[in-house]
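Taken in sequence, the protein lines are chains C and A. Taking our numbering, the leading residue of the first sequence gets 12, the next gets one more, and so forth. Taking our numbering, the leading residue of the second sequence gets 46, the next gets one more, and so forth. Below is one structure, written out as structure tokens; comments come after it.
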Amino acid sequence: MFVMTNSKFFESYQLQAIRQQLLDLPEEKWVRVQFVQFKDPTTSLIVSLLGGSLGIDRFYIGDTGLGVGKLLTCGGLGIWTIIDWFLIMGATKEKNLRRFQEALI
Amino acid sequence: MTKKKLYIFVFVTCLAGCVWVILNIFHVATTHEGCLFHKITHIPCPSCGSTRSVLLLLNGDLSGAFYANPFGFIVFTALVLLPLWLVFDCIFRKDSFFRFYKNTEKALRKKYIAIPALAIVIINWIWNIHKYL
């Protein structure tokens, strides 16, 4: 059920492992998992397209350090901005997976 | 992000930054072209002018550099300091920069630091727009 509602937040190849981890999860941890806030990859793509030069996309997914770097360099002279248009969705999903796994600990 | 990935990324970025500055010294790259945001919206971004600022700092003109863009000071310090720091860490097999990076990220997430930092960025941005008009 969790996998169905939250599949868009993760890479498809990660879903199987997520499903397995959830099945093995004890009851008390389940509540914590439900409270985790995930970031929508589509939203981060839109943020990247609109404000990528300012680093807002990286700030949005929680990469504060990279966001500052992007901001200070005018989006890496535009090059980083364009590269991130392609990378940001994957990066968002990786961050989501990290948050999910931190909730399991 | 792993330590190795971060170090490689920071090193490559600093290298690219130094190359960019050198290209500007020899006027190979002209000013006003580095910013994608400026090209599309015709409004300068908060860091527009930082290349000029770094070049002025190399000539010792502190007030001129501040006028071009105060962030140039941060960029200049980073371009000089970070490669040395990374080499130091690699030689002595420490992770001091990595820890500094992680702690800074944590600090920036706190509201009492993030909000003043954001205010400074916005004020600098408004000043930039004012300068370019």
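Even for Gly, the Cβ is constructed at its ideal location relative to N, Cα and C. Computed from a prediction, not measured in an experiment: that's the story for all the values here.
How would you write the range of the alpha helix (DSSP H) that residue i sits in, first residue to last?
i: residue 87 of chain A; result: No alpha helix (DSSP H) contains residue 87 of chain A, which DSSP labels as neither H nor E.
i: residue 72 of chain A; result: Per DSSP, residue 72 of chain A belongs to no alpha helix (DSSP H) and is neither H nor E.
Is residue i close to chain A? Criterion is C-beta to C-beta, closer than 8 angstroms.
i: residue 76 of chain C; result: yes
i: residue 92 of chain C; result: yes
i: residue 88 of chain C; result: yes
i: residue 60 of chain C; result: no
i: residue 101 of chain C; result: no
i: residue 9 of chain C; result: Chain C is shown from 12 up to 116; residue 9 of chain C falls before or after that span and cannot be answered.
i: residue 83 of chain C; result: yes
Can you give the Cα-Cα distance for residue i and residue j, rounded to whole angstroms?
i: residue 13 of chain C; j: residue 121 of chain A; result: 48 angstroms
i: residue 35 of chain C; j: residue 98 of chain C; result: 32 angstroms
i: residue 84 of chain C; j: residue 89 of chain A; result: 12 angstroms
i: residue 138 of chain A; j: residue 84 of chain A; result: 43 angstroms
i: residue 43 of chain C; j: residue 17 of chain C; result: 15 angstroms
i: residue 32 of chain C; j: residue 23 of chain C; result: 15 angstroms
i: residue 94 of chain A; j: residue 124 of chain A; result: 16 angstroms
i: residue 59 of chain A; j: residue 126 of chain A; result: 10 angstroms
i: residue 147 of chain A; j: residue 86 of chain A; result: 34 angstroms
i: residue 71 of chain C; j: residue 50 of chain C; result: 8 angstroms
i: residue 140 of chain A; j: residue 101 of chain C; result: 27 angstroms
Verify the CB distance criterion: does residue i have a CB-CB separation below 8 angstroms to chain C?
i: residue 98 of chain A; result: no
i: residue 116 of chain A; result: yes
i: residue 120 of chain A; result: yes
i: residue 81 of chain A; result: yes
i: residue 154 of chain A; result: yes
i: residue 149 of chain A; result: yes
i: residue 130 of chain A; result: no
i: residue 141 of chain A; result: no
i: residue 59 of chain A; result: no
i: residue 161 of chain A; result: no
Report all residues from its chain with a CB closer than 7 angstroms to the CB of residue i; omit the five preceding and five following residues, and keep chain order.
i: residue 25 of chain C; result: 108
i: residue 60 of chain C; result: 96
i: residue 131 of chain A; result: 52, 55, 56, 142
Using CA atoms only, rank isn't needed, just tell me which of the options is closest to residue i.
i: residue 75 of chain C; options: A/168, A/156, A/167, A/177; result: A/156
i: residue 67 of chain A; options: A/100, A/48, A/87; result: A/100
i: residue 114 of chain A; options: A/166, A/153, A/60, A/129; result: A/166
i: residue 79 of chain C; options: A/111, A/159, A/96, A/105; result: A/159
i: residue 67 of chain C; options: C/19, C/103, C/114; result: C/103
i: residue 112 of chain C; options: C/100, C/86, C/40; result: C/40
i: residue 82 of chain A; options: C/90, C/77, C/28; result: C/90
i: residue 151 of chain A; options: C/73, C/57, C/100; result: C/73
Within a Cβ cutoff of 8 angstroms, which residues of the same chain sit near residue i, ignoring the five residues on either side of it in sequence?
i: residue 153 of chain A; result: 159, 162
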